[in-house]
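The opening residue of the sequence shown carries number 100 in our numbering; numbering runs sequentially from there.
Where is the CB? At the ideal position from N, CA and C, for every residue including glycine.
Heads up: the structure comes next, in structure tokens.
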Amino acid sequence: MSTPSSAHSATPGAALVAIELAGCRTKAELLSRIATAMRFPPWFGHNWDALADCLMDLSWLPAPAYLIELQHLGDLRAAAPEVVAILLEILADAAVYWADQGIDFRVAGDEATR
């Protein structure tokens, strides 16, 4: 797991995950990069529902908080803006889920919230 270069978390022991998206142009490539960076289990189905399921489980990556840094999101946004919109919606849903569990789940990075 990489440590985000520009994102910071105040929670000691937080899982810091950098997802490099430079050159990423498709949903399939995006899901593959997320799965690799977040060490998703082999059963990950490489679709939106499976992404949501994994982001709301994370039992293989226990932490008191999660900070996900999306690096170079603009490349994917230029190629497939609808994919970015869905991704950000799923990440927002995951943040709400984890907040309900008392766990901080943040997304940062260039253009992460646009």
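Count the other C-beta atoms from every protein chain shown that fall within 10 angstroms of the C-beta of residue i, then say buried if there are 16 or more, exposed otherwise.
i    : result
M100 : Interpretation of M100 is limited by its pLDDT of 40, a score under 50 that renders its predicted location unreliable; the figure taken from the coordinates is listed afterwards. So M100 ends up on the exposed side.
A177 : exposed
A198 : exposed
G208 : buried
A106 : Unreliable positioning characterises A106 in this predicted model, as indicated by a pLDDT of 44, which lies under 50. A coordinate reading is not provided.
V195 : exposed
G112 : exposed
T212 : Legend: pLDDT at T212 = 48, less than 50; position of this residue unreliable, value from coordinates given subsequently. It is exposed - the Cβ of T212 has fewer than 16 other Cβ atoms within 10 Å.
Any idea which residues DSSP pairs residue i with across the strands?
i    : result
D203 : A164
L169 : I118
Starting from residue i and walking both ways along the beta strand (DSSP E), at which residues does that stretch end?
i    : result
L115 : 114-119
What are the boundary residues of the alpha helix (DSSP H) that residue i is part of?
i    : result
T135 : 126-136
For residue i, tell me which candidate among the options has the shortest Cα-Cα distance.
i    : options                : result
A149 : R124, I133, A162, G208 : I133
D203 : E168, A164, R124       : A164
V183 : A113, C123, G112       : C123
T135 : A113, I185, L160       : L160
E168 : C153, V206, F143       : V206
Using a Cβ distance threshold of 8 angstroms, determine whether the segment 161-174 contacts the segment 109-124, with at least three qualifying pairs required. yes
Would you check if the segment 190-197 and the segment 132-142 touch, i.e. whether three or more CB-CB distances between them fall below 8 angstroms? no
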